[in-house]
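Novice: Under the working numbering, the first residue of the sequence shown carries the number 25, and numbering increases by one thereafter.
A virtual CB, placed ideally from N, CA and C, is assigned to each residue, including glycine.
Remember, it's a predicted structure, so these values are computed and weren't measured experimentally.
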Amino acid sequence: MTSTTAHDAPPVPPPPPAEITYSGQYSVNPLGQVSFRALCAGLPAVLRRIAAMAWRIDHRAVLLLLACQLITGVSAAVLLAATARAMRPVLGAGAVSDRLHEALPALIVVAAASAVTRATVAVAAYAERRITPRLTTATDSALVEAVCRVEAAAYAADGFSDRQEAAEMGVTRTHVMVMDAQRFMSALIKLITAGGVLSVLNPLMLPLLLLAVAPAGIGAILTARVDYEIHYANIADRNVRGMTRWWATAPKYGDEVRANGMTDYLLHWYRALSERVDQRSLTAAPRTLRIALLSSLASGTFLAATWGMLAWLAVTGRITPAIAATAVVAVQTTLAALSQVVINGAAVFHTSLYLSDMQAFFDAAARQAPKRGPLTVGPPVEEIRLDEVTYRYPGKDKPAVDGVSLTLRRGQILAIVGLNGSGKSTLTRLITGIYLPDKGRVTWNGTDLAHTDPATVWNCTGLVPQIFAQWPLRARENVTLGQPRSHDDREVWDAVDAVGMREAVEDLPAGLDTLLAREIFGGAELSGGQWQRLACSRALYRRPPLLILDEPTSQMDPRGEHGIFEKIKAISADRITIVVTHRLENTKIADHIIVMEQGRLTEQGTYDDLIHAGGTFAGLLRLSRDR
Ligand SMILES: Nc1ncnc2c1ncn2[C@@H]1O[C@H](COP(=O)(O)OP(=O)(O)OP(=O)(O)O)[C@@H](O)[C@H]1O
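1. Determine the direct distance from the alpha carbon of Gln188 to that of Trp79, and round the result to whole angstroms.
2. How about Ala180: is its Cβ closer than 7 Å to a heavy atom in ligand 1?
3. Sorted by chain position, which residues of the same chain lie with C-beta nearer than 7 Å to Val114's C-beta, five sequence neighbours on each side aside?
4. So that I know if they touch, is there some Cβ in chain B lying closer than 8 Å to that of Ser320?
5. Among the residues of its own chain, which have a CB less than 6 Å from the CB of Arg152, if the five just before and after it don't count?
6. When you compare only the Cα positions, how much space is there between Pro569 and Thr480?
7. Under three-state DSSP, which class holds Val202?
8. Hey, quick one: how far does the alpha helix (DSSP H) through Trp517 stretch, first residue to last?
9. So which of Glu590, Ile74, Leu460 and Pro403 has the shortest CA-CA distance to Ala411?
10. Are there 16 or more other CB atoms within 10 angstroms of the CB of Ala349, so buried, or fewer, so exposed?
11. Could you give the first and the last residue of the continuous alpha helix (DSSP H) run that contains Glu609?
12. Straight-line CA distance for Ala559 to Val488?
13. Hey, out of Gly639, Gly552, Trp293 and Leu67, whose CA is closest to Gln579's CA?
14. At the level of alpha carbons, what is the spacing between Tyr50 and Phe373?
15. Looking at Thr358: is its Cβ nearer than 8 Å to the Cβ of Thr312?
16. Would you mind sorting Thr198 into buried or exposed? The rule is 16 or more other CB atoms within 10 Å of its CB.
17. Determine the DSSP secondary structure at Ile216, reduced to helix, strand or coil.
18. Between Asn610 and ligand 2, is the CB less than 7 Å from at least one heavy atom?
19. Measuring from each Cβ to the nearest heavy atom of ligand 1, keep the ones under 5 Å and list them in chain order.
20. So, for Val353: in the same chain, excluding its five sequence neighbours on each side, which residues have a beta-carbon less than 8 Å away from its beta-carbon?
21. I believe Asn258 touches Asp186 by the beta-carbon criterion, under 8 Å. Please report the beta-carbon distance rounded to the nearest angstrom.
22. In terms of residues, what are the limits of the beta strand (DSSP E) holding Leu167?
23. Measure the C-alpha to C-alpha separation of Ser47 and Asp261 and round it to an integer number of angstroms.
24. Return the Cβ separation of Leu327 and Ala236 in integer angstroms, given the expectation that the two are a contact with Cβ distance under 8 Å.
25. Between Val523 and Val529, how many whole angstroms is the CB-CB distance? I'm expecting something under 8 Å.
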């Protein structure tokens with residue numbers, strides 16, 4: 025056999041990934057409009073916010089941290105005062121033993137103050153460790169909850185997942201936030217005490233020292249600004265890269281990726297996105313180098329002036345050698361404290377940028393949380409009515425559902441049919457109150473869903489969506505998730521039997537206890553149709569007053585499909601049932617069929633009515649038989 029020339033041709037290189045920018049109303053970098061002074065002035069507010077967050081987690085640990093700050097300040101002052109007292113005899117005249125004897129009490133105080141400082145640092149670290157893990161967990165859980173609780177319509181809004189990605193960075197910063205804030209505060213207190221002592225020794229010294237450290241502070245904050253700018257520009261690419269990584273590596277999509285030759289393309293895309301992210305960081309490197317060099321130059325110049333002045337004061341006899349020696353210690357202490365203030369102040373500032381994104385996301389999520397009103401609905405659901413219901417997705421020109429009116433009664437089976445994109449799934453989301461209509465109203469037993477607590481609505485629904493989740497849980501939880509009822513497995517087996525899965529579940533290594541996640545050690549995997557049966561059993565197990573099945577049998581063998589529809593019919597008397605399907609033969613079980621076209625309800629009636637009406641339904645049925 026000879027190979028064809030097509031196989032010898034060099035492979036076509038994959039196209040470059042699309043340039044995606046963080047867009048929409050949130051595309052404005054919040055730093056763009058804020059002045060440097062305003063940013064520094066915002067530091068106390070950030071510290072207050074961090075303190076308030078920590079306070080909610082652990083009062084005692086926060087009080088302990090505050091006590092440590094206070095002790096740090098006092099011991100720094102005591103240390104310097106005792107050093108000054110010890111220097112006088114040490115550097116004075118007389119016998120060495122006499123001088124040492126005279127200096128001893130002050131030296132003991134110096135040693136004690138140093139020991140207290142060390143112990144305080146250890147205790148402060150302990151207090152910080154009591155707060156940080158719980159603070160991170162609390163913030164992380166709050167973020168997950170905020171995303172879970174928003175109105176489903178918010179997901180379709182511009183930039184939602186990008187803003188979520190930005191907020192994740194705020195959660196990540198909570199790992200270091202308390203430590204940075206605590207170090208900043210204790211350095212500040214040390215600075216004030218050491219600076220105070222230095223000013224007493226010579227009033228000119230402190231301003232000079234401040235000038236020596238200020239450029240480093242400005243440099244650190246400018247660098248943090250550049251870092252944030254790069255982070256901001258990279259948000260969308262990082263988001264897409266994360267998704268690409270998941271799609272490329274998830275075993276579930278492995279067959280599709282391999283057999284369709286997607287591996288090279290996905291790897292190329294992943295690498296290209298990473299390189300784009302790196303490129304942005306690289307272009308910032310010269311800017312950060314310039315900032316670092318200029319700030320070091322300025323700092324060095326002022327520092328040289330400080331030491332020069334100290335030497336001049338000592339040499340010209342304007343200060344005694346003892347004072348000069350104390351001044352050296354004070355300068356060193358002040359300098360170290362100032363550097364810490366600058367480094368940790370910049371870190372707190374840096375954190376504040378990400379915290380603002382996180383807070384903005386929380387605020388937006390709170391605004392988008394359901395506030396529908398106090399009304400409730402409950403079983404039995406006798407009637408669901410839709411009056412001129414219209415819904416348009418954000419950013420779309422045309423409504424997905426357009427002026428639909430419909431009445432459903434208990435005991436009825438409704439089938440919804442129509443071409444792809446005609447609005448069938450959107451209609452089911454409106455009926456279940458997942459979305460609220462832009463116009464018109466949906467009522468359950470006469471109660472408008474726009475004013476009803478959605479949890480009470482969803483207690484009455486069971487939904488098998490077109491794309492259902494394959495939960496990496498045990499078989500039992502895959503049936504009972506959302507409705508833990510009893511510890512008795514009888515009802516679970518009833519639901520499993522209803523979809524013809526008993527044999528398959530019994531064949532699993534641990535029956536209902538089998539973990540259905542191939543990726544996890546000890547897990548088993550089901551076939552596509554078996555997963556779909558399990559999704560149906562999950563909805564049936566809920567015994568819901570409203571049962572919605574969106575293409576419930578698309579992956580099932582004919583026996584499975586037949587069994588499910590028999591079951592749906594057998595249990596229909598007690599509930600309202602809605603079936604969305606493209607297999608028109610299946611609509612025979614329905615009492616009423618509606619046909620959707622471009623969001624509108626264009627035909628309705630029984631199966632017999634519609635096949636004789638000569639409309640869209642009859643046309644589609646003819647096509648499905650014409651093979
Ligand atoms: N989350 C969404 N965000 C934006 N537009 C959406 C969203 N979901 C659906 N749409 C749009 O709404 C229209 C109706 O979609 P819908 O999923 O309701 O159709 P369908 O009749 O269920 O289609 P299919 O038969 O393919 O399942 C389509 O134009 C689709 O592009």
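Specialist: Walking through what the data contain:
1. Going from the Cα of Trp79 to the Cα of Gln188 covers about 25 Å.
2. Distances from the CB of Ala180 to the heavy atoms of ligand 1 include at least one below 7 Å.
3. Cβ within range, chain order: Arg123 and Ala127.
4. The question asks about chain B, but that chain is absent: this structure has only one protein chain.
5. The question names Arg, but residue 152 in the sequence shown is Glu. Cβ neighbours of Glu152 beyond the five flanking positions: Val202, Met203 and Gln206.
6. Distance between the alpha carbons of Pro569 and Thr480 is about 12 Å.
7. It is helical.
8. Counting along the chain, the alpha helix (DSSP H) containing Trp517 begins and ends at Arg514 to Ala522.
9. Residue identity differs from the one stated: residue 411 is Asp in this sequence, not Ala. The shortest C-alpha to C-alpha distance from Asp411 to any of Glu590, Ile74, Leu460 and Pro403 is the one to Leu460.
10. Answer is buried; the Cβ neighbour count reaches 16.
11. According to the DSSP assignment, Glu609 belongs to no alpha helix (DSSP H), since it is labelled neither H nor E.
12. A straight-line Cα-Cα distance of about 6 Å links Ala559 and Val488.
13. Out of Gly639, Gly552, Trp293 and Leu67, Gly552 has the C-alpha closest to the C-alpha of Gln579.
14. In this prediction, Tyr50 has a pLDDT of 47, which is less than 50 and means its spatial position is unreliable; what the coordinates show is noted afterwards. Straight across, the Cα-Cα distance linking Tyr50 with Phe373 is about 21 Å.
15. No; because the gap between Cβ atoms is not below 8 Å, this pair is not in contact.
16. It is buried - the Cβ of Thr198 has at least 16 other Cβ atoms within 10 Å.
17. Looking at Ile216 - three-state DSSP - the assignment turns out to be helix.
18. With respect to small molecules bound, the structure shown includes ligand 1 and not ligand 2.
19. The filter returns Ala180, Tyr417, Ala424, Asn444, Gly445, Ser446, Gly447, Lys448, Ser449 and Thr450, in chain order.
20. Here the set comprises Leu104 and Thr107.
21. Actually they do not touch by this definition, with Cβ atoms about 11 Å apart.
22. Counted as a single uninterrupted DSSP element, the stretch harbouring Leu167 is not any beta strand (DSSP E) but the alpha helix (DSSP H) occupying residues Val120 to Arg173.
23. Because Ser47 carries a pLDDT of 49, less than 50, the predicted location of this residue cannot be relied on, and the following value inherits that uncertainty. As the crow flies, the alpha-carbon of Ser47 is around 12 Å from that of Asp261.
24. About 4 Å; that satisfies the 8 Å criterion.
25. The beta-carbon separation of Val523 and Val529, rounded to 10 Å, does not stay under the 8 Å limit for a contact.
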